[in-house]
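See below for the structure under consideration.
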Amino acid sequence: MTMAGSSHAPVLEANALRLRFGAVEVLKDVSISVAPGAIHAIIGPNGAGKSSLLNCLSGFYRPQAGSVTFDGRDITGLRPHLRAAAGIARTFQGIQTYPSMTARENILTGFHNRMRTGMFDALVYWGRTRAEEEAFAAEAEAIIEFLELEELRHAVVGDLSYGLRKRVDLGRAIALNPKILIMDEPMAGMNPEEKGDLARFILDIRDAKKIPVVLVEHDMEVVMDISDTVTVIDFGEVIAVGAPAEVRANEAVIAAYLGAG
Amino acid sequence: MIPTGIYFDTYAGEASLLKTARARVWTALLVLGLIAAPFASGAYLLGVATQMFIILIAVYGLHVTVGMAGQINIAQSAFVGIGALTTARFGEYGLPFWAAIPLAALVTGAVSVVFALPAARVKGFYLALTTLAAQALFPIVILGLPETWLGGLVGIPVEPLTVGGYVLSTPKQLYYFTLCLVLVATYAAFNLHRSRFGRALKAVRDNDVAAEVMGINVLSYKIQAFFVGSLFAGVAGACMAWVLQFVTVESFTLFASVWYLGMLIVGGIYSPIGAILGVLFITVVQEGLHEFGAAILNSGTHEAGGTIFAATNVALGACILLALIFEPRGLAHRWRVLKTVFQLWPFPHR
Numbered sequence: 001m002t003m004a005g006s007s008h009a010p011v012l013e014a015n016a017l018r019l020r021f022g023a024v025e026v027l028k029d030v031s032i033s034v035a036p037g038a039i040h041a042i043i044g045p046n047g048a049g050k051s052s053l054l055n056c057l058s059g060f061y062r063p064q065a066g067s068v069t070f071d072g073r074d075i076t077g078l079r080p081h082l083r084a085a086a087g088i089a090r091t092f093q094g095i096q097t098y099p100s101m102t103a104r105e106n107i108l109t110g111f112h113n114r115m116r117t118g119m120f121d122a123l124v125y126w127g128r129t130r131a132e133e134e135a136f137a138a139e140a141e142a143i144i145e146f147l148e149l150e151e152l153r154h155a156v157v158g159d160l161s162y163g164l165r166k167r168v169d170l171g172r173a174i175a176l177n178p179k180i181l182i183m184d185e186p187m188a189g190m191n192p193e194e195k196g197d198l199a200r201f202i203l204d205i206r207d208a209k210k211i212p213v214v215l216v217e218h219d220m221e222v223v224m225d226i227s228d229t230v231t232v233i234d235f236g237e238v239i240a241v242g243a244p245a246e247v248r249a250n251e252a253v254i255a256a257y258l259g260a261g
Numbered sequence: 262m263i264p265t266g267i268y269f270d271t272y273a274g275e276a277s278l279l280k281t282a283r284a285r286v287w288t289a290l291l292v293l294g295l296i297a298a299p300f301a302s303g304a305y306l307l308g309v310a311t312q313m314f315i316i317l318i319a320v321y322g323l324h325v326t327v328g329m330a331g332q333i334n335i336a337q338s339a340f341v342g343i344g345a346l347t348t349a350r351f352g353e354y355g356l357p358f359w360a361a362i363p364l365a366a367l368v369t370g371a372v373s374v375v376f377a378l379p380a381a382r383v384k385g386f387y388l389a390l391t392t393l394a395a396q397a398l399f400p401i402v403i404l405g406l407p408e409t410w411l412g413g414l415v416g417i418p419v420e421p422l423t424v425g426g427y428v429l430s431t432p433k434q435l436y437y438f439t440l441c442l443v444l445v446a447t448y449a450a451f452n453l454h455r456s457r458f459g460r461a462l463k464a465v466r467d468n469d470v471a472a473e474v475m476g477i478n479v480l481s482y483k484i485q486a487f488f489v490g491s492l493f494a495g496v497a498g499a500c501m502a503w504v505l506q507f508v509t510v511e512s513f514t515l516f517a518s519v520w521y522l523g524m525l526i527v528g529g530i531y532s533p534i535g536a537i538l539g540v541l542f543i544t545v546v547q548e549g550l551h552e553f554g555a556a557i558l559n560s561g562t563h564e565a566g567g568t569i570f571a572a573t574n575v576a577l578g579a580c581i582l583l584a585l586i587f588e589p590r591g592l593a594h595r596w597r598v599l600k601t602v603f604q605l606w607p608f609p610h611r
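Note that the protein sequences, when read in sequence, are chains A and B.
Each residue of the first sequence is one higher than the one before, starting from 1 at the first, in the working numbering.
Each residue of the second sequence is one higher than the one before, starting from 262 at the first, in the working numbering.
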């Protein structure tokens, strides 16, 4: 698979990130660069620092050194909700949907930064709010159709199965109309059929919606199948970057996974 | 759940509050019943109903802060007090009612923000203590200020309510006035649930980490939750000032705050229906027990009045306990189950 649009400047870049919790150095000088229209996987053994890297990208952790650049702009100090407004969407490890809301309401919350009505509009409802709700309900339906959730649009998300909740989580992220999508272990805990569905959705997001995807994933089969670029991290350091086939053959990667021989 | 055969061809239709003809008819009948009630009941019952409407407005506010946004608030009564004091104080300058109500709401909202600023940074038990501090500070501040400011220990007399040149002072007039406000407040409370603002509050309650990453400014929405909750409290306070015609600190106790919270919990914190059912349930049981106690007292028993008063309070506590044991999710849940059963009848499954 060729890297789509690799000639353009990277969408999201982390430069020499350094993160420590007390004496533990979680990230030592990690850099990654996500090209437009690419699926970029981050892999590595447990405790390598993958999730910490994602949390630096989405703004939960503030690295002690290094910078994060998004869309040509330094966002290292930006708070998470402002990163979302800037165009970074994210899905989570495990279940992080809003359990008391319906599937459609979950997706509608993803529109938060694109909608304009506020507190007083909400109390009155009639007029502005009604028009806006109507417009975005239509847009939510498009996402519902894309993710094949039609039958469940009014189902309370807390009652849905694990795989379906992950799909709602994805829908909510797409609703941000993001310029990049960050996914933390999307395949974890899914059965093979659900994994297949989700892999198809991720490819569709890249191809149809032209949104690059950053993916932390443990399922090597999925990673090797769908990724354009793979970054391998071990003990807080990047040990290999490249196309899936290159990375698979890399000596350092094999050593990291199987133990140094 | 809506009955079979009802479908919508617009999103607005789907979002309407009363989705079926049957729901519209029942609601219209309920409102007509409330309008007709004064012709069939005495002054005492009207007074109870008026009081109930005012409490309901305050509990709607609590529903927003506690139920929708998940931020515990044990100071609602103090916020109602601020609304009442504002109304009393500005009434002296001859402010008309249509300006006094928004003013009371906004002043109360502004004061709540002062307490919400630290509160928005803490969670759970710590938040409970922060709001408790607001409630505890309320009388201390009022009593500490010069008496000419907010009445101090004495209180402030309230200029009578005038609407379009008429002075409203009889129980019937005040009943209609509060009925209008409670209808507007009900509409507003339901509206919050079908808006961007309401969804953001629920997102903060359900999962604040995800909400932040999805672009919701969690800190700001926690503060706004207190603000909107206090808007309702301010309106309730304004009504209370006009009905009581005299505002003192003593009317706005921690005890009342806990009652408001209790009503919301018994009714179900997650929907405005819960607020309605909770306020109705507690008021009816309370008043029923009062009547019952008075009847026993008048029947010439040898029991002392104090014993009977204590016994009615124990019975009230028992009623609340029973409601919580048999319906921990609140009366609103029971209401939904009943409605579903009724709609599915005679078939037990969909």
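Yeah, the Cβ is synthetic: ideal placement off N, Cα and C, and Gly gets one too.
- Residue environment for residue 304 (chain B): exposed (fewer than 16 other C-beta atoms within 10 angstroms of its C-beta).
- Excluding the 5 residues flanking it on each side, residue 575 (chain B) has no same chain C-beta neighbour closer than 8 Å.
- Residue 12 (chain A) and residue 52 (chain A) do not touch by the CB rule: their CB atoms are close to 16 Å apart, not below 8 Å.
- Following the DSSP letters along the chain, one finds residue 15 (chain A) inside the beta strand (DSSP E) bounded by residues 12-21.
- Against chain A, the CB of residue 460 (chain B) has a partner CB under 8 Å away; the residue lies at that interface.
- A direct Cα-Cα distance of roughly 15 Å separates residue 166 (chain A) from residue 468 (chain B).
- Annotated three-state conformation of residue 63 (chain A) is coil, per DSSP.
- Under the Cβ distance rule, residue 130 (chain A) counts among the residues neighbouring chain B, one pair being separated by less than 8 Å.
- Annotation for residue 457 (chain B): the continuous alpha helix (DSSP H) segment containing it runs 457-467.
- Residue pairing by DSSP puts residue 183 (chain A) in a beta bridge opposite A:91, A:215.
- Membership of residue 202 (chain A) in the alpha helix (DSSP H) is indicated by the continuous run 192-207.
- Along the segment 473-489 of chain B, going in chain order, the ones with a CB nearer than 8 Å to a CB of chain A are 473, 474, 475, 476, 477, 478, 479, 485, 488, 489.
- For residue 119 (chain A), the closest of B:308, B:493, B:544, B:578 by C-alpha to C-alpha distance is B:493.
- In the DSSP assignment, residue 239 (chain A) falls within the unbroken beta strand (DSSP E) covering 237-242.
- Residues of chain B whose Cβ lies closer than 9 Å to the Cβ of residue 108 (chain A) are, in chain order, 457, 460.
- DSSP places residue 423 (chain B) in no alpha helix (DSSP H) but in the uninterrupted beta strand (DSSP E) bounded by 422-424.
- Three or more beta-carbon pairs separated by less than 8 Å are not found between the segment 477-488 of chain B and the segment 299-318 of chain B, which leaves the two stretches without contact.
- Bounds of the alpha helix (DSSP H) holding residue 584 (chain B) are 566-587.
- Using a C-beta cut-off of 8 Å, the segment 496-515 of chain B makes no contact with the segment 289-300 of chain B, since fewer than three inter-stretch Cβ pairs fall below that distance.
- Identification of chain B residues near residue 100 (chain A) by a Cβ-Cβ cut-off of 9 Å yields 463, 466, 467, 531, ordered along the chain.
- Residue range 80-86 is occupied by the alpha helix (DSSP H) that includes residue 81 (chain A).
- Out of A:115, A:159, A:87, the CA that lies nearest to the CA of residue 98 (chain A) is found in A:159.
- Listed along the chain, the chain A residues whose CB falls inside 8 Å of the CB of residue 272 (chain B) are 133, 134, 137, 138.
- Assigned with DSSP and collapsed to three states, residue 154 (chain A) falls in coil, not helix or strand.
- Residue-level contact by beta carbon fails for residue 23 (chain A) and chain B, as no gap is shorter than 8 Å.
- With distances taken between CA atoms, residue 420 (chain B) lies nearest to B:347 out of B:341, B:347, B:478.
- Under the Cβ criterion (8 Å, minimum of three pairs), the segment 334-347 of chain B counts as touching the segment 514-521 of chain B.
- In the DSSP assignment, residue 24 (chain A) is bridged to A:21.
- The alpha helix (DSSP H) runs lying completely inside the segment 370-409 of chain B and spanning 4 residues or more are 385-405, given in chain order.
- When only Cα atoms are considered, residue 290 (chain B) and residue 283 (chain B) end up about 11 Å apart.
- As DSSP reads the structure, residue 418 (chain B) sits in a beta bridge with B:507.
- The beta carbon of residue 574 (chain B) sits no closer than 8 Å to any beta carbon of chain A.
- Taken in chain order, the members of the segment 426-455 of chain B whose beta-carbon sits within less than 7 Å of a beta-carbon on chain A are 449, 452, 453, 455.
- Ranked by Cα distance from residue 364 (chain B), the first of B:350, B:317, B:264 is B:350.
- Contact between the segment 169-188 of chain A and the segment 212-225 of chain A is present, with at least three C-beta pairs closer than 8 Å.
- In this chain, the alpha helix (DSSP H) harbouring residue 601 (chain B) covers 592-605.
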